[in-house]
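Residue numbers (numbering that gives the first Met the number 0), protein chains in the order written: chain Y, 0 to 509; chain Z, 0 to 231. C-beta atoms are modelled at their ideal positions from N, C-alpha and C, and glycine is treated no differently. These numbers come from a predicted model, not from an experiment.
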Amino acid sequence: MYTLKNIKPKVKTSIGEVFKVSIIMTIATIIDLIFYHIGFKEDNIILIYILGVILVYIKTNGYLTGTISSIISVMLFNFFFTEPRYSLQVYDKSYLVTFPIMFIVAITIGTLTTKIQREASATSEREKQTQILYKVSKKLLSAIGTDEVVSIGIKYTSRLLNRTVVCYLEEDSKLKAPSIYDAEEKDKDSIILSKDEQAVAYLTFLNGKESGAGTNTFYRAHGYYMPMKGQKKLLGVIGISCFEGFLKPEQKFIFETVTSQIVIALDREILSKEQEAYKMEIESERLRGNLLRSISHDLRSPLAGIKGAVGTIIENGELISEETKKILLEGIYGDTEWLIRLVENLLSMTRFDEGKMKINKNLEAVEEVISESIHISNKQHKENKIKVNMPKNLILLPMDGSLIEQVLINLIDNAIKFTPKEAYIEVKVYEKAKNVFFEVIDNGTGISDEILPYIFDRFFTNGSKISDSRRGVGLGLTICNSIVEAHGGKIEAFNNEDHGATFRFYIPKE
Amino acid sequence: MDNKPYILVVEDDKHIRNFIIAALSAQGYKCIETDNGIEAIALSLSHNPDLIILDLGLPDIDGIEVIAKIREWSKIPIIIVSARENERQKVEALDKGADDYLTKPFGIGELLARIRVALRHFFINETQDKSMDIFKVKKLCIDFTKRQVIINDEKIHLTPIEYKIMELLCKYSGKVLTHNFIINEIWGSAIGNETQSLRVFMAGLRRKIEKDPAQPEYIYTEVGVGYKLVDE
Chain Y
0 MYTLKNIKPK VKTSIGEVFK VSIIMTIATI IDLIFYHIGF KEDNIILIYI LGVILVYIKT
60 NGYLTGTISS IISVMLFNFF FTEPRYSLQV YDKSYLVTFP IMFIVAITIG TLTTKIQREA
120 SATSEREKQT QILYKVSKKL LSAIGTDEVV SIGIKYTSRL LNRTVVCYLE EDSKLKAPSI
180 YDAEEKDKDS IILSKDEQAV AYLTFLNGKE SGAGTNTFYR AHGYYMPMKG QKKLLGVIGI
240 SCFEGFLKPE QKFIFETVTS QIVIALDREI LSKEQEAYKM EIESERLRGN LLRSISHDLR
300 SPLAGIKGAV GTIIENGELI SEETKKILLE GIYGDTEWLI RLVENLLSMT RFDEGKMKIN
360 KNLEAVEEVI SESIHISNKQ HKENKIKVNM PKNLILLPMD GSLIEQVLIN LIDNAIKFTP
420 KEAYIEVKVY EKAKNVFFEV IDNGTGISDE ILPYIFDRFF TNGSKISDSR RGVGLGLTIC
480 NSIVEAHGGK IEAFNNEDHG ATFRFYIPKE
Chain Z
0 MDNKPYILVV EDDKHIRNFI IAALSAQGYK CIETDNGIEA IALSLSHNPD LIILDLGLPD
60 IDGIEVIAKI REWSKIPIII VSARENERQK VEALDKGADD YLTKPFGIGE LLARIRVALR
120 HFFINETQDK SMDIFKVKKL CIDFTKRQVI INDEKIHLTP IEYKIMELLC KYSGKVLTHN
180 FIINEIWGSA IGNETQSLRV FMAGLRRKIE KDPAQPEYIY TEVGVGYKLV DE
């Protein structure tokens with residue numbers, strides 16, 4: 000299969016070369032004849048022939064033509080320029096020394112010339128490759144993610160060696176789908192991605208040894224496959240098309256070099272990913288620690304209140320007045336309501352999965368959600384009157400009803416908590432462009448400017464003012480933020496121009 | 000009444016069971032109790048209580064199963080108790096035959112109110128003529144014979160479907176009716192977009208009946224579950 004293809008060009012070049020040799024020798028002879036007629040010495044004539052031979056070496060493919068033209072030049076010299084002219088005979092016996100010397104000189108210089116020429120081209124070839132290798136290293140340095148590393152790696156490998164390159168990465172002890180860079184061999188792609196080829200690649204992965212074209216395993220495979228050995232484990236398999244022939248040693252060397260660069264970059268990416276994961280775990284632990292601390296702190300007060308009140312009633316049952324008892328009991332009731340709210344918020348935090356909150360969206364009537372929220376809030380805070388400001392038309396909005404209720408309850412609770420008893424609290428709803436806006440407005444004392452930027456951060460409590468008495472956790476607003484964002488909306492807080500604060504969030508109608 | 004209603008309390012948490020029984024007894028109800036589902040079914044069969052308070056989170060079998068089993072041979076009113084998050088569970092229980100539900104943690108006032116409602120409906124359904132002539136609550140009055148709805152002493156006009164919905168709510172006043180239930184009763188079966196239509200009709204009703212549709216006095220929404228008309 001390979002031999003037929005290679006012979007044809009050889010024949011072509013041979014004809015071309017014979018042609019070149021003839022031309023060069025002819026020209027040399029013509030120049031020499033001119034020299035002869037002008038009357039130059041024979042040294043110049045010999046030198047011209049030697050020049051011709053050198054030209055043959057440079058311009059043609061090799062040693063064979065060079066040798067032949069050396070012989071031809073000696074014969075031509077003999078024929079045209081030695082007595083008797085126009086014959087291969089020589090009178091002067093010293094020419095019998097001249098001829099071999101001329102021949103040796105021609106061949107030697109010619110051979111050297113060819114050698115230099117070839118080395119020069121090899122060097123320039125190597126320099127080109129080194130440049131590409133350098134470029135590859137540089138690009139791999141800045142690649143982010145294993146996929147980018149692979150795609151850059153195989154692109155440059157393919158360009159360097161002018162063959163299609165394919166790469167399979169490892170995942171869960173198996174090979175993932177391959178990435179391929181096609182060196183414009185067109186439908187060779189489908190062969191190198193065929194099931195058989197994939198099997199060879201998989202075998203390479205399992206054995207950790209090279210296989211495919213030119214190796215002991217699957218000698219006749221289309222591609223040559225190498226395992227990519229990382230620092231700790233096998234990262235995958237890289238393969239190169241050998242449709243044009245097996246890899247020559249220098250090509251194999253380049254293939255291995257670039258592959259090792261790719262492997263280094265992959266190792267680096269994997270390490271970096273692991274580092275990220277660790278960082279997140281640490282952060283997560285830190286938050287969990289904070290949460291537990293916050294909760295414990297916040298639980299102490301109401302529990303102390305309940306224990307105290309109940310204990311008092313049990314111990315001093317008959318000694319305290321009914322009035323006092325009633326007050327104590329109502330206090331306990333209030334504490335439990337507070338605890339219930341805390342639990343609701345905490346439970347909401349468990350609805351996170353991989354950083355995103357899971358919500359069940361249903362088409363709900365905004366007014367229904369608002370009315371239930373206020374109803375629930377009112378159960379706890381009977382004194383506050385809440386005004387509702389809504390458009391006359393029915394607004395239907397896809398949302399997780401109970402979660403949005405929780406947001407509203409948290410916001411209303413906050414408004415009640417941070418404002419004096421007779422304060423004015425308003426819940427306002429309106430549509431604007433593609434969103435529905437909800438606002439909880441109060442005319443209390445507002446939010447201090449130092450706190451405002453952090454108010455939705457986790458576990459942020461209005462520290463100084465509240466201390467142990469009317470607690471925070473700071474969970475309420477964070478939950479609101481998470482819920483609103485999970486719906487694709489945004490929440491913000493700001494102080495009103497005249498008095499008090501407004502919490503505003505929107506949910507997209509889509 | 001001489002015969003105090005008999006209530007079966009099925010609840011696995013001892014403290015909660017205790018306070019429920021304490022509160023019910025104080026109100027004059029007679030109570031029997033159990034902490035698991037199997038015994039609950041057995042006790043319903045043997046003692047034939049007038050009402051069952053059933054916690055859905057039982058240790059042995061699913062509360063829903065208990066409902067299904069009891070409903071095979073009895074129409075005893077069942078009030079279920081469940082955690083707040085579980086709307087789906089509440090809807091399922093109601094659709095399977097429960098009459099009402101309470102969300103943990105609940106106050107004793109709510110419990111007593113729902114017991115009253117459930118008993119009254121059961122009593123009406125079993126002993127009286129099912130059709131009623133007039134329904135009155137606060138300032139709302141519906142005359143079924145004249146097909147008239149009066150609110151705040153003013154007659155208001157309802158569309159045929161709105162009237163049908165009102166009628167249904169009145170029939171089960173005080174009880175939460177699930178979306179599915181209402182849709183089935185009014186339209187025959189739930190296919191696709193009826194939930195949206197239902198919301199629209201309810202909004203229309205609220206605008207006609209309520210002073211402030213956003214803070215209703217008569218028609219309450221239980222988000223995710225259904226609607227209820229107050230009865231007192």
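For residue j and residue i, the rounded distance between their alpha carbons
{"i": "Lys-325 (chain Y)", "j": "Ala-22 (chain Z)", "result": "17 Å"}
{"i": "Val-116 (chain Z)", "j": "Lys-163 (chain Z)", "result": "21 Å"}
{"i": "Val-406 (chain Y)", "j": "Ile-478 (chain Y)", "result": "7 Å"}
{"i": "Gln-116 (chain Y)", "j": "Gly-213 (chain Y)", "result": "31 Å"}
{"i": "Gln-26 (chain Z)", "j": "Ala-112 (chain Z)", "result": "12 Å"}
{"i": "Leu-341 (chain Y)", "j": "Ser-259 (chain Y)", "result": "56 Å"}
{"i": "Asn-215 (chain Y)", "j": "Thr-145 (chain Y)", "result": "31 Å"}
{"i": "Glu-221 (chain Z)", "j": "Leu-140 (chain Y)", "result": "59 Å"}
{"i": "Leu-318 (chain Y)", "j": "Asp-334 (chain Y)", "result": "24 Å"}
{"i": "Glu-496 (chain Y)", "j": "Ala-364 (chain Y)", "result": "31 Å"}
{"i": "Arg-158 (chain Y)", "j": "Ala-182 (chain Y)", "result": "7 Å"}
{"i": "Gly-487 (chain Y)", "j": "Glu-438 (chain Y)", "result": "17 Å"}
{"i": "Phe-455 (chain Y)", "j": "Thr-33 (chain Z)", "result": "46 Å"}
{"i": "Tyr-226 (chain Z)", "j": "Phe-200 (chain Z)", "result": "12 Å"}
{"i": "Asn-35 (chain Z)", "j": "Glu-169 (chain Y)", "result": "52 Å"}
{"i": "Asp-98 (chain Z)", "j": "Ile-79 (chain Z)", "result": "8 Å"}
{"i": "Met-398 (chain Y)", "j": "Lys-138 (chain Y)", "result": "46 Å"}
{"i": "Gln-88 (chain Y)", "j": "Glu-82 (chain Y)", "result": "8 Å"}
{"i": "Gly-207 (chain Y)", "j": "Val-236 (chain Y)", "result": "9 Å"}
{"i": "Thr-311 (chain Y)", "j": "Thr-444 (chain Y)", "result": "36 Å"}
{"i": "Met-225 (chain Y)", "j": "Leu-451 (chain Y)", "result": "59 Å"}
{"i": "Ser-210 (chain Y)", "j": "Tyr-223 (chain Y)", "result": "6 Å"}
{"i": "Asp-467 (chain Y)", "j": "Glu-425 (chain Y)", "result": "Unreliable positioning characterises Asp-467 (chain Y) in this predicted model, as indicated by a pLDDT of 36, which lies under 50. The coordinate reading is nonetheless provided below. C-alpha separation (whole angstroms): 28 Å."}
{"i": "Gly-499 (chain Y)", "j": "Lys-357 (chain Y)", "result": "33 Å"}
{"i": "Lys-95 (chain Z)", "j": "Ala-67 (chain Z)", "result": "6 Å"}
{"i": "Leu-32 (chain Y)", "j": "Ser-120 (chain Y)", "result": "35 Å"}
{"i": "Asn-186 (chain Z)", "j": "Pro-390 (chain Y)", "result": "The question names Asn, but residue 186 (chain Z) in the sequence shown is Trp. Rounded to whole angstroms, Trp-186 (chain Z) to Pro-390 (chain Y) spans 29 Å at the Cα level."}
{"i": "Ala-492 (chain Y)", "j": "Phe-502 (chain Y)", "result": "4 Å"}
{"i": "Ile-394 (chain Y)", "j": "Arg-198 (chain Z)", "result": "10 Å"}
{"i": "Thr-28 (chain Y)", "j": "Tyr-62 (chain Y)", "result": "21 Å"}
{"i": "Ile-305 (chain Y)", "j": "Ile-19 (chain Z)", "result": "20 Å"}
{"i": "Ser-172 (chain Z)", "j": "Lys-386 (chain Y)", "result": "27 Å"}
{"i": "Arg-119 (chain Z)", "j": "Tyr-28 (chain Z)", "result": "14 Å"}
Interface partners of residue i on chain Z, CB under 8 Å
{"i": "Val-387 (chain Y)", "result": "Asp-211, Ala-213 and Gln-214"}
Beta-ladder partner(s) of residue i, from DSSP
{"i": "Phe-134 (chain Z)", "result": "Z:Ile-141"}
{"i": "Thr-102 (chain Z)", "result": "Z:Ser-81"}
{"i": "Ser-240 (chain Y)", "result": "Y:Gly-222"}
{"i": "Ile-51 (chain Z)", "result": "Z:Leu-7 and Z:Ile-77"}
{"i": "Tyr-505 (chain Y)", "result": "Y:Phe-436 and Y:Lys-489"}
{"i": "Ala-219 (chain Z)", "result": "The sequence given here places Tyr at residue 219 (chain Z); Ala does not occur at that position. Partner(s): Z:Lys-227."}
Residue i: contacting residues in chain Z (beta-carbon distance under 9 Å)
{"i": "Ile-375 (chain Y)", "result": "Within chain Z, no residue comes near Ile-375 (chain Y); the closest Cβ sits about 10 Å away, beyond 9 Å."}
Where residue i meets chain Y, residues with beta-carbon distance less than 7 Å
{"i": "Val-199 (chain Z)", "result": "Leu-393"}
{"i": "Thr-220 (chain Z)", "result": "Glu-367, Ser-370 and Glu-371"}
{"i": "Glu-86 (chain Z)", "result": "Ser-401"}
{"i": "Ala-92 (chain Z)", "result": "By Cβ distance, chain Y contributes nothing, its closest Cβ being about 17 Å from Ala-92 (chain Z), past 7 Å."}
Contacts that residue i makes with chain Y (C-beta to C-beta distance below 8 Å)
{"i": "Gln-195 (chain Z)", "result": "Leu-362 and Leu-395"}
{"i": "Ala-21 (chain Z)", "result": "Chain Y residues near Ala-21 (chain Z): none, gap ~14 Å exceeds 8 Å."}
Contacts of residue i in chain Z (Cβ-Cβ under 7 Å)
{"i": "Gly-400 (chain Y)", "result": "Val-222 and Gly-223"}
{"i": "Glu-404 (chain Y)", "result": "Val-222"}
{"i": "Ile-339 (chain Y)", "result": "Pro-104"}
For residue j and residue i, believed in contact at Cβ under 8 Å, the rounded distance
{"i": "Gly-109 (chain Y)", "j": "Gly-65 (chain Y)", "result": "4 Å"}
{"i": "Phe-98 (chain Y)", "j": "Asn-77 (chain Y)", "result": "7 Å"}
{"i": "Ile-23 (chain Y)", "j": "Leu-46 (chain Y)", "result": "With 8 Å as the limit, Ile-23 (chain Y) and Leu-46 (chain Y) do not qualify as a contact, their Cβ atoms being about 15 Å apart."}
Chain C contact for residue i (CB, 8 Å cutoff)
{"i": "Ile-179 (chain Y)", "result": "In the structure shown, chain C cannot be found, because the protein chains are Y and Z."}
**Item:** Given 8 Å, three or more beta-carbon pairs between the segment 11 to 25 of chain Z and the segment 53 to 64 of chain Z
**Value:** yes
**Asked** Any contact of the segment 40 to 50 of chain Z with the segment 81 to 94 of chain Z, i.e. 3+ C-beta pairs under 8 Å?
**Response** no
**Message:** For the structure I just gave you, are there three or more beta carbon pairs, one from the segment 192 to 209 of chain Z and one from the segment 151 to 160 of chain Z, closer than 8 Å?
**Reply:** yes
**Asked** Is there contact between the segment 366 to 379 of chain Y and the segment 174 to 183 of chain Z, where contact requires at least three CB pairs shorter than 8 Å?
**Response** no
**Cβ pair count under 8 Å reaching 3, the segment 148 to 156 of chain Y against the segment 261 to 272 of chain Y** = yes
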